[in-house]
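For the sequence shown, our numbering begins at 213 and goes up steadily by one.
One structure is given below, encoded as structure tokens.
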Amino acid sequence: MKKVEAPTLEAAYAEASKVLECSISELQCEVVQHPSKGILGFLKRNAIIIVTCKKSMKVSTVTSKVETLPSEEESVASEILATVKEEQTEVKKNVAKVEERKAVPKDAVLDSFFDADTKEEVLKEDESYEEDDVVYDELALLIETQLKELLEKSCFDIDVVEVDVVDNTALIFIDGDDAALLIGKEGYRYNALSYMIFNWLHTKYELFIKLEIAEFLTSQQEMIRNYIKPVIENVEKQGKGKTRFLDGILVQIALEQLREHFPDKYVAVKTGREGKKFVVINDFNTPSKSNT
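Okay, here's the thing in structure tokens:
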């Protein structure tokens, strides 16, 4: 059992993973103190956690059992113990490689960008760090388990919860008999759930999210794609344009699609006098004069 202190919970988890030589998903944590930025730099508090490694506990249990076995069974038990220790060593190496990659200075990569030979070496080096996928998979499984536990405590009948983590984004798919109820009228409940999950995962793991409930997001994307067609035509003719007022997730979808279609233009969300949001499109360095 170890006590770890760091400025953030994420840093505390990473430090605990190094100290105990195991992956984050294998940590058994108890948060003693949540971090706080304080007020104007005063009363700042670090995160403090008490952690143990589940795999280390298993190794200790196996070790104690080996010591109590009769001599004729010691060889078999020793092989089992050696296998467990090898797995622990392999996990340690994977974590070390991932941490080493994160520690590579950005300038070193930029300086070698235009060097063909060095670039090939960097590409080969990247291929050797497939262990990142392992860390993402473990994190996805951890989030999926916690999300299932959360939804099981609700009144909704949800039987499908799948999570995948790609490029610092948690892709979440939820479905079941009560999926429509989870979306709510005009997607208000969907927006609330999406906001809640984002605050949880971004605060704890610094992840963004993409939430799909029974293909609701897909249908909304298709609807916005059809809606912005005349907007795109108007911008192509006049060089600028804007959408109508959009609610919740719709404004974000419209923003993403319009930015994809007009990569060389200024595309941003604006807020009207009544607090309603819309998307404007014009040339760079000439932002709209609408109220922000």
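C-beta: ideal position from N, C-alpha, C; glycine also.
Being a predicted model, the structure only gives us computed values, none of them experimental.
| Asked | Found |
| --- | --- |
| Please list the terminal residues of the continuous beta strand (DSSP E) segment that includes residue 465. | No beta strand (DSSP E) contains residue 465, which is instead part of the alpha helix (DSSP H) from 461 to 473. |
| Helix, strand or coil: how does DSSP classify residue 420 here? | strand |
| Using the Cβ count rule (16 or more neighbours within 10 Å means buried), how would you classify residue 216? | buried |
| What residue from 397, 361, 351 has the CA that sits closest to residue 376's CA? | 351 |
| What is the DSSP secondary structure of residue 284, reduced to helix, strand or coil? | Residue placement at residue 284 is flagged as unreliable, the pLDDT there being 49, under the threshold of 50; a coordinate-derived value is accordingly withheld. |
| Contact criterion: CB-CB distance below 8 Å. Does residue 414 meet it with respect to chain D? | Of the chains in the structure shown, none is chain D; there is only one protein chain. |
| Quick check on residue 385: does DSSP put it in helix, strand or coil? | strand |
| Apart from the five residues on each side of it in sequence, which residues of its chain come closer than 6 Å, Cβ to Cβ, to residue 454? | 490, 492 |
| With DSSP collapsed to three states, give me the class of residue 426. | coil |
| Measuring alpha carbon to alpha carbon, tell me which of 367, 381, 400 ends up nearest residue 388. | 367 |
| If we ignore side chains and look at the alpha-carbon of each, how far apart do residue 262 and residue 244 end up? | 7 Å |
| Any idea if residue 432 is buried or exposed, counting beta-carbon neighbours within 10 angstroms, 16 or more meaning buried? | buried |
| Is the distance from the Cβ of residue 386 to the Cβ of residue 378 below 8 Å? | no |
| Let me make sure I understand the geometry here. Which of 394, 426, 483, 496 has the alpha-carbon closest to that of residue 474? | 496 |
| Can you grab the Cα-Cα spacing for the pair residue 412 / residue 449, in whole Å? | 43 Å |
| Between residue 440 and residue 399, how many whole angstroms is the CB-CB distance? I'm expecting something under 8 Å. | At roughly 18 Å, the Cβ-Cβ gap does not stay under 8 Å, so residue 440 and residue 399 are not in contact. |
| By a C-beta neighbour count over all protein chains shown, 10 Å radius and 16 as the cutoff for buried, is residue 247 buried or exposed? | buried |
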